[in-house]
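Heads up: the structure comes next, in structure tokens.
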Amino acid sequence: MDDLDRLHADIDARVLAIRAGAPDWPCAKGCDTCCRHLADVPSLTAMEWERLRDALAALPERQRERISRAVAALPEAPAGPVVCPLLDGETGACPVYACRPVACRTYGFYVQRDRGLYCRAIEVQAAAGALADTVWGNHDAVDRRLAALGETRPLTAWFRAAPA
Ligand code: SF4
Ligand code: SF4
Numbered sequence: 105m106d107d108l109d110r111l112h113a114d115i116d117a118r119v120l121a122i123r124a125g126a127p128d129w130p131c132a133k134g135c136d137t138c139c140r141h142l143a144d145v146p147s148l149t150a151m152e153w154e155r156l157r158d159a160l161a162a163l164p165e166r167q168r169e170r171i172s173r174a175v176a177a178l179p180e181a182p183a184g185p186v187v188c189p190l191l192d193g194e195t196g197a198c199p200v201y202a203c204r205p206v207a208c209r210t211y212g213f214y215v216q217r218d219r220g221l222y223c224r225a226i227e228v229q230a231a232a233g234a235l236a237d238t239v240w241g242n243h244d245a246v247d248r249r250l251a252a253l254g255e256t257r258p259l260t261a262w263f264r265a266a267p268a
């Protein structure tokens, strides 16, 4: 198990603990709203990209071509919400779910300083006090561990430098 595996395992454990305390947590299979309204293109470290690139390379050709077109269509600095170029728009599924970036794994379950890293649906519940017992993950600690995993670049920059 390497450092990235350990980070994934720790995030999975936090997410599981949160879900166990709130079985009707809004994040569920089929909810792709956050993948369709990203503040920016997901960024990931060199180590994460290596795995993601392998996962992309293993996808069927049609899917790889669709993703290549979606990446090519994204401007360098998109203005406004971004639809993740990896998202399968027909099924609402992430085609590389097992190798998705840490940023995607923590979203919905982590906070950073005084800021919740989650969508409007969770924000509404949190504001109403419904999630008062939640022990949120600490994204500042995650960022410190990510810093040891190599350079960070936007997904599109990694892809353009070394297409899958
Ligand atoms: S963070 Fe919000 S939009 Fe994303 S999966 Fe969870 S409930 Fe859905
Ligand atoms: S990599 Fe996957 S989980 Fe992350 S934003 Fe894109 S489609 Fe969603």
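At the far end of the sequence shown sits residue 268, using the numbering used here, and the numbering has no gaps.
Even glycine gets a Cβ: it sits at the ideal position worked out from N, Cα and C.
Computed from a predicted model, the values in this text were never measured in an experiment.
heavy atom of ligand 1 below 8 Å from residue i C-beta
{"i": "I115", "result": "no"}
{"i": "Y211", "result": "yes"}
{"i": "A207", "result": "no"}
{"i": "Y222", "result": "yes"}
{"i": "P185", "result": "no"}
{"i": "P182", "result": "no"}
{"i": "I122", "result": "no"}
{"i": "A143", "result": "no"}
Close Cβ partners of residue i (< 6 Å) along its chain, the five nearest in sequence each way excluded
{"i": "V175", "result": "P189, T260, F263"}
{"i": "F213", "result": "V119, I122, G241"}
Ligand 2 heavy atom lying under 8 Å from the CB of residue i
{"i": "L160", "result": "no"}
{"i": "V119", "result": "no"}
{"i": "D136", "result": "yes"}
{"i": "R264", "result": "no"}
{"i": "Y214", "result": "no"}
{"i": "C188", "result": "yes"}
{"i": "R204", "result": "yes"}
Terminal residues of the alpha helix (DSSP H) in which residue i lies
{"i": "T260", "result": "259–265"}
{"i": "T238", "result": "Element bounds for T238: n/a, residue is neither H nor E."}
{"i": "D244", "result": "243–250"}
{"i": "L120", "result": "107–125"}
{"i": "E289", "result": "Given that the chain is displayed from residue 105 to residue 268, the structure contains no residue 289 and the question cannot be resolved."}
{"i": "E169", "result": "165–177"}
Residues that DSSP places opposite residue i in a beta bridge
{"i": "Q216", "result": "R219"}
{"i": "D192", "result": "A197"}
{"i": "T256", "result": "T149"}
{"i": "L142", "result": "V186"}
Endpoints, the beta strand (DSSP E) within which residue i is located
{"i": "L148", "result": "147–149"}
Beta-carbon proximity check, residue i vs residue j, cutoff 9 Å
{"i": "M151", "j": "D107", "result": "yes"}
{"i": "D136", "j": "V186", "result": "no"}
{"i": "R257", "j": "A265", "result": "yes"}
{"i": "A225", "j": "P130", "result": "yes"}
{"i": "A207", "j": "P146", "result": "yes"}
{"i": "L142", "j": "V246", "result": "no"}
{"i": "R209", "j": "D116", "result": "yes"}
{"i": "G196", "j": "C139", "result": "yes"}
Residue i at chain C interface by Cβ criterion, 9 Å
{"i": "A231", "result": "Checking the listed chains, one finds no chain C in this structure; it contains a single protein chain."}
Sequence-distant residues of its chain with Cβ nearer than 8 Å to residue i (five each side left out)
{"i": "V200", "result": "L156, A159, L160, L163, L190"}
Cβ-based neighbour list, residue i, same chain, cut-off 7 Å, excluding 5 preceding and 5 following
{"i": "R204", "result": "C198"}
{"i": "W153", "result": "W262"}
{"i": "E230", "result": "According to the sequence as given, residue 230 is Ala; it is not Glu. Answer for A230: G220, listed in chain order."}
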